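One structure below.
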Amino acid sequence: MAGLVTTPFGATTTAMEVIEGIDLRGKRAIVTGGSSGIGVETARALAQAGAQVILAVRNTDAGEQTAENIRQATGNQHIRVEQLDLSDLNSVCAFVRGWEGSLDILVNNAGVMGIPKREVAAQGHEMQFATNHLGHFALALGLHDAMAATGHARIVSVSSVGHINGEVNFDDIDFHSRPYDAWVAYGQSKTANILFAVEAARRWAGDGIVANALNPGRIASTNLGRYTKDAPANPAASGPASTGVSIKNIEQGAATSVLLAASPLVEGVSGRYFEDCNEAGPHQPGIRRGVAAYAIDPENAGRLWKISQNMLNEAQ
Numbered sequence: 002m003a004g005l006v007t008t009p010f011g012a013t014t015t016a017m018e019v020i021e022g023i024d025l026r027g028k029r030a031i032v033t034g035g036s037s038g039i040g041v042e043t044a045r046a047l048a049q050a051g052a053q054v055i056l057a058v059r060n061t062d063a064g065e066q067t068a069e070n071i072r073q074a075t076g077n078q079h080i081r082v083e084q085l086d087l088s089d090l091n092s093v094c095a096f097v098r099g100w101e102g103s104l105d106i107l108v109n110n111a112g113v114m115g116i117p118k119r120e121v122a123a124q125g126h127e128m129q130f131a132t133n134h135l136g137h138f139a140l141a142l143g144l145h146d147a148m149a150a151t152g153h154a155r156i157v158s159v160s161s162v163g164h165i166n167g168e169v170n171f172d173d174i175d176f177h178s179r180p181y182d183a184w185v186a187y188g189q190s191k192t193a194n195i196l197f198a199v200e201a202a203r204r205w206a207g208d209g210i211v212a213n214a215l216n217p218g219r220i221a222s223t224n225l226g227r228y229t230k231d232a233p234a235n236p237a238a239s240g241p242a243s244t245g246v247s248i249k250n251i252e253q254g255a256a257t258s259v260l261l262a263a264s265p266l267v268e269g270v271s272g273r274y275f276e277d278c279n280e281a282g283p284h285q286p287g288i289r290r291g292v293a294a295y296a297i298d299p300e301n302a303g304r305l306w307k308i309s310q311n312m313l314n315e316a317q
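Counting from 2, one number per residue, gives the positions in the sequence shown under the numbering used here.
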């Protein structure tokens, strides 16, 4: 891949280092899953720069506590909490209906990982795909006009090195015909996050909306791993094949999200996949980093968009 985007930052850079010197006063940002893990640090960094930040969360009690902590830490009082359950499209629609005004930054950060047994979301789709991709897809579509109104909006989709576990199985997304596998399902959903960014970048370029995806690294001590104690071990994430993925703390894990959400260093960059605050190169077999070719394939991206749109239409 020629012309990869590079920055002075790297794997050990923190979100606060990325945001230093950036002024987001007057900007509005949504961070899904903003009450735990790297979502908290992403929201805190954007708030530090002066943005009005909306924490879109399932647990509003936890969200309110996080919001107060951010207010105290940053002095920014413009932190709001809204209820959002990405696994239920009715909740997404309610959130969109309640939105007023423009939107500068949408960080699709929330996610679930490694659900050990097949579960279905409110509209019947496999839970990891429904939560990680379809809910965020519906959210972005619903907020499109609010983002287009700014002429410079940014969408950030938090994917994972786990996308290299497998591509989207367009013939059986919901595991009706094939055996359910927690890590295949997770990988599929994370590939979908990247494909969304690729297609949104193409479709919405004329609206001034950019969209990128990222691998935050392997982050210890977040709620994302709450299912994994019961899930079978991910064979691709251990042993020699794990070489390459950056292991980070939460402050470092949020840095690439903040870079794509706010940094002038990536102004106008769209449809790309980043890791360690730089655009990723092609995935190499046996290395747990880089981007798989199928995850940035424009035909796959267009196909997923149409299928996802059909899923939303069927849910109405």
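We put the beta carbon where it would ideally sit given N, CA and C, even for glycine. This one's a predicted model, so the numbers in the text were calculated from it and none came from an experiment.
Task: For Arg72, the nearest candidate out of Thr61, Arg59 and Gln53 (CA to CA) - done: Gln53
Task: Sequence ranges, beta strand (DSSP E) only - wholly within the segment 35 to 75, length at least 3 - done: 53 to 58
TODO: Pick helix, strand or coil for Ser158, following the three-state DSSP scheme.
DONE: strand
- [ ] Check whether the Cβ atoms of His153 and Gly188 sit closer than 9 Å, and answer yes or no.
- [x] no
TODO: Decide if Val141 is buried, meaning its Cβ has at least 16 other Cβ atoms within 10 Å, or exposed.
DONE: Sequence inspection shows Ala at residue 141; the Val mentioned does not correspond to that position. Buried is the call here.
- [ ] Sort Ile288, Ala256 and Phe171 by Cα distance to Lys307 and report the nearest one.
- [x] Phe171
Open item on the list: Restricting to runs no shorter than 3 residues, where is the beta strand (DSSP E) found entirely within the segment 102 to 139?
Closed with: 106 to 109
Open item on the list: Using 9 Å as the threshold, is the C-beta distance between Val19 and Leu313 below it?
Closed with: no
Task: For Ala256, the first and last residue of its enclosing alpha helix (DSSP H) - done: Ala256 to Ala263
TODO: From the DSSP output, in three-state form, read off Gln285 for me.
DONE: coil
- [ ] Classify Phe96 as helix, strand or coil using the three-state DSSP reduction.
- [x] helix
TODO: Check Asn170 in the structure and name its three-state DSSP category.
DONE: coil
Open item on the list: Rounded to whole angstroms, what is the Cα-Cα separation between Asp62 and Asp86?
Closed with: 14 Å
Open item on the list: Taking a contact to mean a Cβ-Cβ separation below 9 Å, would you say Ala57 touches Gly38 in this structure?
Closed with: no
Task: Among Val108, Arg29 and Leu144, the one whose alpha carbon lies nearest that of Asn215 - done: For the sequence presented, residue 215 should be read as Leu rather than Asn. Of Val108, Arg29 and Leu144, the residue nearest in Cα terms is Val108.
Open item on the list: By the three-class DSSP mapping on this structure, what secondary structure does Gly240 have?
Closed with: The predicted model places Gly240 with a pLDDT of 39, which falls under 50 and marks its position as unreliable; any figure quoted below should be read in that light. Helix.
- [ ] Specify, as a first and last residue, the run of the beta strand (DSSP E) that Ile210 falls within.
- [x] Segment: none, Ile210 is in no beta strand (DSSP E) and carries neither H nor E.
TODO: Write down the C-beta distance between Ala139 and Trp100 rounded to the nearest angstrom, noting that I regard them as a contact closer than 8 Å.
DONE: With 8 Å as the limit, Ala139 and Trp100 do not qualify as a contact, their Cβ atoms being about 13 Å apart.
Open item on the list: Short of 8 Å in beta carbon distance, which residues of its chain neighbour Gly11, apart from the five on each side in sequence? Order them along the chain.
Closed with: Asp277, Cys278 and Asn279
Open item on the list: Spatial neighbours of Glu21 within its chain, please: C-beta separation below 7 Å, excluding the five flanking residues on both sides.
Closed with: none
- [ ] Less than 8 Å between the CB atoms is what I'm expecting for Ser264 and Ile55, so what's the real figure, rounded?
- [x] Contact flag wrong, Cβ pair sits at about 20 Å.
TODO: Mind checking which residues open and close the beta strand (DSSP E) that includes Gln84?
DONE: Ile80 to Gln84
TODO: Flag this pair as yes or no: are the beta carbons of Ile297 and Gly269 separated by less than 9 Å?
DONE: no
TODO: Would you kindly work out how many angstroms separate the C-alpha atoms of Gly51 and Arg26, rounded to a whole number?
DONE: 4 Å
TODO: Quick one: residues in its chain with C-beta nearer than 7 Å to the C-beta of Gln310, no 5 flanking neighbours on either side, listed in chain order?
DONE: none
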